[in-house]
Every structure is written in C-alpha cells, then in structure tokens.
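Number of protein chains: 2
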Amino acid sequence: MTLLPKQLLQNASGFPDFGPGEAIALRRMLDIIRTQYEYAGFVPIDTALVERVQVLAAKSEGEIGNQIYGLRLLSPAPDALTDVKDLALRFDHTIPLARFIAANQNALTFPFRRYAIGPVFRGEKPKDGRYRQFIQADIDVVGDGSLDLLYDAEMVAVIAGIFTELAIGPFTTRIGNRKVLQGFLLSVNIPEDKMTSALGIIDKVEKIGKEKVVKMLVEIGVDESAGRSLITLLTDARNTDETMALLKMNSLNSLFAEGVQELESVVKGIRQFGVKESNFCVDLSIARGLDYYTGTVYETRLDTYPELGSIASGGRYEDLASSLTNRKLPGVGISIGVTRLLLRLIKAGLMDASVTTITPVIVTTATGLEKNASIYLEQVMRLRNDGIPAEVYLMARPLGKQMQFADRKGFTLAVITQEENIADGTVVIRNLKTGIQQEVLSERLESTVREMLL
Amino acid sequence: MTLLPKQLLQNASGFPDFGPGEAIALRRMLDIIRTQYEYAGFVPIDTALVERVQVLAAKSEGEIGNQIYGLRLLSPAPDALTDVKDLALRFDHTIPLARFIAANQNALTFPFRRYAIGPVFRGEKPKDGRYRQFIQADIDVVGDGSLDLLYDAEMVAVIAGIFTELAIGPFTTRIGNRKVLQGFLLSVNIPEDKMTSALGIIDKVEKIGKEKVVKMLVEIGVDESAGRSLITLLTDARNTDETMALLKMNSLNSLFAEGVQELESVVKGIRQFGVKESNFCVDLSIARGLDYYTGTVYETRLDTYPELGSIASGGRYEDLASSLTNRKLPGVGISIGVTRLLLRLIKAGLMDASVTTITPVIVTTATGLEKNASIYLEQVMRLRNDGIPAEVYLMARPLGKQMQFADRKGFTLAVITQEENIADGTVVIRNLKTGIQQEVLSERLESTVREMLL
C-alpha cells in the first residue's frame with residue numbers, strides 16, 4: 055500500500071494539533087475559566103458550530119465577512135441536502151447568541167447570563183498568534199430593553215477571578231468608554247463618517263506611538279492641536295481617581311458627559327465588587343476600533359508580559375440582535391482568546407505543557423499477567439474506586455521496560471509487586487521523582503498512595 | 055431595518071441548539087465521561103476539527119466518504135488561502151488519531167492511551183436520532199507492534215464506570231468477536247468477498263429478526279441449514295459461561311479457535327477488573343458490520359430502554375494507520391455517541407433538562423443599588439470567595455419582580471436584605487422550594503447558606 059506523503063500528516067497551518075501536554079494544560083485553563091463563569095451565575099448554551107450564511111451575513115461586517123468558511127459536500131449523494139450551500143462555520147460566539155436569543159426570547163429569563171466556550175473559525179492567513187480555528191471563551195449578560203451599568207462592573211470582577219486563579223502573574227483590566235472618546239471627537243468637529251476611522255486610529259496608539267496617531271488624525275480632518283490634546287488626555291500616566299477628576303472637570307458635550315458618568319458608575323461598581331486596585335485602571339485609549347461597542351470597553355493585559363497583548367477584551371453594546379428581532383437587547387460581554395493565550399503562555403514558560411499524564415499513579419505488572427493479572431487489576435481498581443486515578447501496564451514486558459514507560463510519561467508514583475511481595479502480602483510504592491519507596495502490607499495500598507501523593 | 059425571516063432564526067436541521075437546560079445536562083454527562091476516562095489513565099489530545107481531504111480520503115471508505123463536508127471561502131479575499139479547497143470537517147475521532155500518531159510517533163509513549171471528546175460532522179439526511187453535527191467521546195489504546203488483550207477487557211471496565219456514575223438504569227455491554235463469526239462463515243464456505251455483507255446482515259438480527267436474516271444469508275450464498283445453525287448459535291439465550299463452553303466444544307477452524315481464545319481471555323480480564331456479571335455478557339451477534347474491527351467488538355445498551363439502541367460501541371483493530379505509516383499500530387477503542395444519547399435520555403425522562411441555573415443562590419437587591427450596592431455586592435463576593443456559586447440581581451426592580459426572576463430560573467436559595475435587615479445587621483435566606491426562611495446576623499451569611507444547601 056502506498057503511504058500518504060509525510061508532509062500531509064502535519065496539521066494544516068492555522069489549525070494546530072494539541073498533543074497530550076498542551077491538551078492537559080488547555081483543560082486546566084478551560085476548567086478555571088468555566089468554574090469562574092459558573093460561580094458568577096453564567097449558564098452555558100451550545101449552539102452548533104454551523105450557522106446559516108444569511109444569519110452570519112446579516113450581522114457581520116467588513117473584514118470578517120470576507121473570512122467565513124462555507125460548507126460543501128465533497129461528493130454529493132443522490133439525496134444530497136440542498137441546504138448545504140447555505141451553511142457556514144461560525145466566526146464568533148456573538149452572532150450565534152444573537153440568533154439563539156431572537157429565536158427563543160419568550161423562553162428565556164432576562165437579564166440572560168450565558169457563557170460559550172468553544173472553537174470559532176476565520177479564513178485568515180495564519181501567522182504567529184493568529185489561527186484559523188481557535189477557542190474563544192465568552193460571557194455576556196443581555197437585558198430586555200435595558201441593562202444596568204453594574205453588569206459592566208461585574209465583568210471586571212469575573213475576569214479578575216479567572217486571572218487570579220490562573221496564576222500567570224499580575225494583570226490589569228483597562229477600562230475605557232466609547233462615548234467619552236466620541237464626545238471628544240465631536241467636540242473637535244470630526245465628521246460623523248470619520249468617527250469609526252478615528253476610533254480605529256486611536257486604538258493603535260500603543261502600537262504605533264503618539265506622533266503617528268496625531269499625524270493620522272490630522273489626515274482624516276482633525277485639527278492638529280485638538281489631536282494633541284486628545285492624545286495627552288488618553289495617554290498621560292494618571293491613576294484612576296486622577297483620570298476621573300480630570301474627565302469631570304471637562305464637560306465637552308452631552309455625549310462626553312454621559313460617557314464620563316457611565317465610567318464613574320462602572321469604576322464605583324468594580325470597587326464595590328472588591329476588585330483590587332492593582333487589577334484595573336481607567337485607560338481612555340482603549341477604543342476597540344472595529345467592534346460594535348457603544349459604551350464601556352475593556353482590555354486585560356499581563357503587567358509583566360505586555361508583549362502578549364490583550365488577553366481578554368469586550369464591552370457594552372446597545373443592541374445585540376437588531377437585524378434579527380424588534381426587541382431591544384442591550385448587553386455587555388467579554389471574551390478570552392484561549393488558543394492564542396495558552397500557546398503564548400506555554401512559549402513564554404508561564405504554563406507547563408511537559409506533563410503528559412493526568413493520573414499520578416502507574417500500577418506495574420512485574421510478575422506478568424499470565425499468572426497474576428487478578429492481583430494487579432484488583433490493585434488498580436481499588437485505587438480508582440478510592441478516588442485515585444491510576445493507570446495499569448498491561449503488556450507482557452519486564453519491569454525495567456515498564457519503569458522506562460513510567461518515567462517517560464511522567465507518573466509520580468509506581469506500584470510494584472514482585473514475587474516476594476506476593477508471598478509476603480506486601481506492595482512497594484515508589485516515588486519516581488525522589489526515588490524514595492515504601493514497602494507496606496497490601497491492604498495499606500490506597501492509604502499509603504494517598505499519603506505519598508500529598 | 056428589515057428583519058431576517060423568522061424561520062431562518064431556527065437552527066439548521068441536524069445541527070441542534072442546546073439551550074441552558076440541555077447544555078447543563080450535557081456538561082454533567084461530559085464531566086462524568088471525562089473523569090472516568092482520566093481515572094483510567096487516558097489523556098486528551100485536541101486535533102483541529104478540520105483535516106486535509108487527502109487524509110480523510112486515504113482512510114475513509116464507502117458511505118462515510120460520501121458524507122464529508124469540505125470547506126470553501128464565501129468571498130475569497132485577495133490573499134485567499136489556496137489550501138482551503140483541500141480542507142474538510144472530520145467525521146470521526148479515529149482518522150485524526152491515526153494522523154496524529156503517524157505524525158508524532160517518535161514523541162509518543164506506547165501503549166498510547168488517549169481520549170477525544172468533541173463534535174464530528176456527517177453530511178447525512180437528518181432524522182430522529184441522527185444529526186449532522188454530534189459529539190463523540192472516544193477512548194483508544196494504541197500499541198506499537200502489539201497490544202495485549204487485557205486492554206480489550208479494560209474498555210468494558212471503563213464503560214461500566216461511566217454508566218454506573220450516570221445512573222440512568224441497568225446496562226449491559228455485549229461482547230462479540232469477529233474472528234468467531236468469520237470462522238463460522240468460513241466453515242460454511244462463504245466466499246471471502248461476501249464476508250463483509252454477511253457480517254452486515256448478522257448485525258441486523260435484533261432489528262429485522264432471525265427469519266429475515268436467514269433469508270438474506272441464503273441470498274448471498276449461505277446454505278440454509280448452516281444459516282439456521284449460525285443464527286441459533288448467535289441468538290439463543292445463554293449466560294456467558296454457557297456460551298463460552300459451547301464455543302469451546304466446536305473447533306471449526308483455526309480462525310474460529312483463535313477468536314474463541316481471544317474472547318475467553320477478554321471475559322477473564324473483565325472479571326479480574328471487577329466488572330459486575332450483570333454489566334456484561336457475550337453476544338456473538340454483535341458484528342459492527344461496516345467497521346474495520348478485527349477481533350473483539352462491543353455494544354452497550356440500557357436493559358430497560360433497549361429502544362435507545364447502542365449507547366457505546368467499539369472494538370479491536372489490527373492496524374490503525376496503515377495508509378499513513380509503515381509502523382504497525384494495533385489498538386482497541388470505544389466511543390459514546392453523546393448527542394444522541396443525551397437527547398434520547400432527556401426525551402425518555404431519564405435526564406433532567408429543566409434546571410436552567412448552575413448557581414444555587416441568588417442575591418437579591420431589595421432596597422435598590424443606588425443606595426446599597428456595596429452591601430449586596432459584598433454579600434455575593436463573600437459567597438463566591440467561600441466557594442458558593444452565587445448570582446446577583448443588578449437591575450433596579452422591586453423585590454417582587456426579583457423573586458419572579460429567581461423562581462423562573464430555578465434557584466434554590468434567595469438572599470434577601472431589606473431596610474429593617476440593614477438596620478439590624480441581619481439577612482434573610484429563603485429556600486425557594488420549601489418557602490422556609492431564616493433570619494440570621496449578616497456575618498452568618500455563608501455558614502447559613504451552606505447549611506441550607508445541604
């Protein structure tokens with residue numbers, strides 16, 4: 055039989071394979087995210103990975119619309135499904151949420167808190183840190199008609215819970231408000247139709263620097279001195295209270311004033327939720343340029359690894375599903391780009407992907423299974439039934455080979471029972487990291503293993 | 055703005071939406087499956103949902119080959135990726151496993167135990183119990199060159215652990231062996247090229263009945279009396295030991311004898327793993343018709359809900375990746391069709407999908423958030439920090455409305471703090487199922503909630 059060329063065995067670029075080490079690290083991360091989401095009252099919904107093209111098109115704009123993967127059947131069967139041409143892979147969790155709520159609005163209880171953790175797909179050119187399939191972990195709260203600002207504050211508390219648990223170093227959620235930015239831009243007479251471009255430019259200030267941003271703002275019609283004072287407002291180092299005081303001193307117009315008031319409520323709420331001062335700040339340069347946010351916007355970064363960029367981001371939106379239902383559904387949400395974050399943390403040495411076993415214990419089968427299988431299988435089942443995950447080695451191989459296997463997979467303890475142990479009714483438990491071992495009566499197997507795992 | 059027609063808001067057929075109730079039930083099921091897989095030493099790998107068409111084609115046969123969804127870009131961007139035409143959605147977890155092992159064989163430790171839980175896609179006509187996207191939860195152990203039969207036995211122990219934990223009623227894993235069946239078919243001179251058809255026919259005996267099976271076997275060239283004695287062998291009621299005794303009395307040919315010996319080893323191993331006699335039996339009619347199994351085959355059913363059909367199935371295969379690598383990789387695996395199982399259990403009333411909250415506690419905000427947010431937010435954060443998942447109601451609504459919300463979502467306890475409680479330094483905790491409530495000093499919030507949740 056001819057073999058497939060080797061290069062075809064590698065995953066397609068942008069569709070990464072997670073081997074056991076990465077997959078175990080991924081689960082650790084997802085378990086923490088999910089637990090924190092559930093602790094805060096969010097419930098899952100699982101829509102399919104496939105949506106109708108019409109739904110995606112009704113809600114998607116610009117760049118993303120060009121990145122949608124449609125489906126086709128490779129070899130149409132006689133009863134081929136005629137709808138396949140209208141199906142495509144989702145590229146975020148927001149549109150499926152909008153469709154689900156529009157379809158089930160009468161069965162849901164508002165404010166509706168939901169989390170969604172799973173893969174999304176983008177038809178982009180893959181490069182470092184950009185994937186074609188990646189996991190997003192989103193939460194949103196969606197109100198019926200209105201949604202109070204304390205929900206915006208709670209998002210920051212939930213994110214703080216997650217990054218505290220992940221223990222990957224100090225982090226800060228920067229909080230901005232688009233009304234403040236837009237109010238300022240209106241006050242310097244920037245035309246409506248340039249607003250989105252201006253927000254996109256401001257969003258880049260950290261990447262391209264102040265001078266370049268001013269230059270680009272001037273190019274779209276902002277007066278140079280106004281541009282400069284905007285950039286000073288946005289980027290000068292101040293603590294949260296200083297920024298708020300400065301904002302309150304300048305009442306430029308009603309939109310600006312509304313944004314400042316929102317920001318103040320959100321900051322107050324974040325403090326009432328008990329979020330540490332070191333875990334958040336007001337940063338007016340956060341604009342989330344191309345997104346559909348209308349008020350609060352967020353970005354979370356690791357203080358000591360700013361090069362990882364934004365590790366969580368989101369904001370408040372006026373109306374989730376305007377093209378799908380007449381009901382007004384304002385909401386606030388935040389999203390963690392899990393695949394990118396995990397792979398960067400592993401690369402930076404902040405997460406370990408070297409452990410390739412979940413069970414800490416291997417039960418070896420030193421005297422062979424022909425004769426003594428019942429002894430070894432009883433041992434492994436006793437451990438499992440006692441709540442201790444345990445693997446058993448079931449190949450007929452000498453103990454030396456079995457210990458090599460145990461070392462390679464990274465078990466903590468090996469249970470070893472040789473002829474003399476069988477005669478004595480004992481068992482040896484060896485710590486593979488330290489080499490220390492204990493010989494105990496076999497009825498003490500579970501308790502000794504438990505003790506040696508502490 | 056014109057709205058999208060309502061029918062487009064429904065999920066496409068065969069791609070079911072799981073609302074909060076179903077999604078919570080799904081997580082309960084997946085958590086049990088995953089825990090049992092991990093307890094037994096299986097580690098996850100996460101390959102992408104997208105594979106190369108060439109890889110899928112090299113390994114897929116017959117019907118399934120006609121059911122593959124390929125990808126296309128809806129609107130090719132100028133830098134469109136030229137490989138998209140060669141990409142398709144996976145239709146099982148086995149081919150991605152084969153590719154992953156072939157690509158990473160030198161980095162892996164054999165026998166390699168892996169689990170994979172996630173969606174797969176089939177371009178079939180959806181109907182009751184058949185979906186176009188569904189979750190499969192697979193385990194496989196793959197050996198390098200050889201793999202001992204006790205691994206076949208361990209699968210049955212793992213499956214027994216899962217269905218015991220799921221607590222959806224008594225279940226039996228039926229164990230067959232294709233060598234036994236093929237040996238019998240060879241002994242009645244069935245030609246090689248009819249073997250697969252014959253196995254497919256035998257696999258249907260439960261569905262279509264003995265008479266019809268005999269008739270179909272005669273049509274493909276089996277002698278009628280041989281067909282009848284085969285069907286008697288396969289379907290007569292006997293316990294495991296009787297079946298084994300009967301098989302050992304009849305040594306039809308070497309293939310048959312080999313299969314009988316395998317079956318004997320597997321049954322012995324299952325008993326040594328401590329699986330209850332009521333949770334397994336030998337059933338020679340299990341053939342897994344169209345699959346690539348070569349020895350042991352399994353199917354698990356619920357004793358009291360046979361109409362649910364097979365809820366887990368799998369078997370032993372000679373060589374996982376013959377078209378991808380020269381290394382011989384025998385393995386054994388089992389797969390649970392989670393989506394179908396879950397939705398049928400919900401429909402049959404064996405699983406509850408009516409609870410739409412995960413957190414048991416709602417903190418209400420009776421006196422409003424304008425004045426007293428800090429009291430309520432401190433309460434909810436104290437509960438969460440104490441390990442009690444809790445939601446807080448953050449809309450400015452009267453307590454009556456808040457209690458309606460709490461009832462509708464199905465919380466167990468409501469924390470209520472009114473003006474008089476604030477004055478007294480107390481808090482009321484009400485059990486929403488029984489109506490019983492306690493008023494306690496507010497420092498006793500966590501301990502009382504914990505107690506009332508028991």
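Just so you know, the protein sequences line up as chains A and B, in that order. Residues in the first sequence are numbered consecutively from 55, following the working numbering. Residues in the second sequence are numbered consecutively from 55, following the working numbering. We treat Cβ as the ideally placed atom computed from N, Cα and C, and that holds for glycine.
Bridge partner(s) assigned by DSSP for residue i
i, result
"Gln492/A", "Ile483/A"
"Lys526/B", "This structure cannot settle anything about residue 526/B, because the visible part of chain B is limited to 55 through 508."
"Asn231/B", "Thr350/B"
"Ile193/B", "Tyr169/B, Ile388/B"
"Ile470/A", "Val482/A"
"Leu356/A", "Phe225/A"
"Phe310/A", "Phe310/A pairs with nothing; no bridge assigned."
"Phe175/B", "Gln187/B"
"Phe334/A", "Thr227/A"
"Tyr123/B", "Leu127/A"
Spatial distance of residue i from residue j (CA atoms)
i, j, result
"Gln121/A", "Ala111/A", "11 Å"
"Leu270/A", "Gly263/A", "Rather than Leu, the amino acid found at residue 270/A in this sequence is Met. If I take the Cα positions, the gap works out to 11 Å."
"Asp461/A", "Arg167/A", "45 Å"
"Leu151/A", "Tyr169/A", "10 Å"
"Ala291/A", "Lys113/A", "38 Å"
"Lys139/A", "Gln108/B", "22 Å"
"Val234/B", "Asn158/B", "35 Å"
"Ile256/A", "Gly223/A", "28 Å"
"Val36/A", "Glu92/A", "With chain A covering 55 to 508 only, the question about residue 36/A has no answer from this structure."
"Thr250/A", "Thr89/A", "36 Å"
"Val272/A", "Arg232/A", "20 Å"
"Tyr185/A", "Val481/A", "49 Å"
"Val320/B", "Arg498/A", "29 Å"
"Thr419/A", "Ala450/A", "8 Å"
"Gly183/B", "Phe465/B", "32 Å"
"Ile149/A", "Phe175/A", "13 Å"
"Met506/A", "Asn485/A", "8 Å"
"Pro245/B", "Ala427/A", "39 Å"
"Gly489/A", "Gln472/A", "18 Å"
"Lys455/B", "Ser389/A", "30 Å"
"Leu495/A", "Val434/A", "16 Å"
"Lys401/A", "Arg394/A", "11 Å"
"Phe459/A", "Gln64/A", "26 Å"
"Ile274/B", "Asp85/A", "54 Å"
"His147/A", "Arg355/B", "36 Å"
Nearest neighbour of residue i, chosen from the options [CA to CA]
i, options, result
"Met457/A", "Met435/A, Ile483/A, Ala477/A", "Ile483/A"
"Ala211/A", "Asp198/A, Ala161/A, Glu331/A", "Glu331/A"
"Leu508/A", "Ala450/A, Leu253/A, Val415/A", "Val415/A"
"Val503/B", "Asp194/B, Ala444/B, Leu448/B", "Ala444/B"
"Leu288/B", "Ala341/B, Lys322/B, Glu278/B", "Ala341/B"
"Thr348/B", "Thr393/B, Gly313/B, Glu432/B", "Gly313/B"
"Ala207/B", "Glu500/A, Leu431/A, Ala142/A, Thr413/A", "Leu431/A"
"Gly230/B", "Ser376/B, Val336/B, Gly177/B, Leu240/B", "Val336/B"
"Lys261/B", "Ser339/B, Arg176/B, Leu317/B, Thr379/B", "Ser339/B"
"Thr101/A", "Gln64/A, Leu62/A, Gly172/A", "Gly172/A"
"Thr379/A", "Ala477/A, Arg355/A, Asp198/A", "Asp198/A"
"Tyr205/B", "Phe217/B, Gly237/B, Ala94/B, Glu265/B", "Ala94/B"
- Message: For the stretch 393-413 of chain B against the stretch 69-77 of chain B, do three or more pairs of beta-carbon atoms, one drawn from each stretch, fall closer than 8 Å, so that the two count as touching?
- Response: yes
- Of the residues that make up the stretch 127-159 of chain B, which ones have a beta carbon closer than 9 Å to any beta carbon in chain A? Residues Leu127, Leu128, Ser129, Pro130, Ala131, Asp133, Ala134, Leu135, Asp137, Val138, Asp140, Leu141, Ala142, Leu143, Pro150, Arg153, Phe154, Ala156, Ala157, Asn158.
- Contact list for the stretch 57-71 of chain A against chain B, Cβ threshold 9 Å: Leu57, Leu58, Pro59, Lys60, Leu62, Leu63, Gln64, Asn65, Ala66, Ser67, Gly68, Phe69, Pro70, Asp71
- Task: Compile a chain-ordered list of the residues in the stretch 92-105 of chain B whose CB is closer than 9 Å to at least one CB of chain A.
- Result: Flagged, chain order: Glu92, Tyr93, Ala94, Gly95, Phe96, Val97, Pro98, Ile99, Asp100, Thr101, Ala102, Leu103, Val104, Glu105.
- Task: Note down, in chain order, all residues in the stretch 457-468 of chain A with a beta-carbon under 8 Å from any beta-carbon belonging to chain B.
- Result: Phe459, Arg462, Lys463
- Taking Cβ-Cβ distances below 8 Å as the criterion, which residues of the stretch 378-396 of chain A are in contact with chain B? Answer in chain order: Leu378, Thr379, Asn380.
- Any residues in the stretch 201-216 of chain A with a beta carbon nearer than 8 Å to a beta carbon of chain B? Which ones, in chain order? With the criterion set as a beta carbon lying under 8 Å from some beta carbon of chain B, the members of the stretch 201-216 of chain A are Leu201, Asp202, Leu204, Tyr205, Glu208, Ala211, Gly215, in sequence order.
- Message: Under 8 Å: do the stretch 188-201 of chain A and the stretch 350-363 of chain A share three or more Cβ pairs, one atom per stretch?
- Response: Judged by Cβ distances under 8 Å, the stretch 188-201 of chain A makes no contact with the stretch 350-363 of chain A, as fewer than three pairs qualify.
- Task: Could you run through the stretch 291-314 of chain A and flag, in chain order, every residue whose CB is less than 9 Å away from some CB of chain B?
- Result: none
- Taking three-plus beta-carbon pairs below 8 Å as touching, is the stretch 269-283 of chain B in contact with the stretch 294-307 of chain B? no
- Quick one, which residues of the stretch 312-339 of chain A are near chain B if we go by CB-CB under 7 Å, in chain order? Gly323, Gln326, Phe327, Gly328
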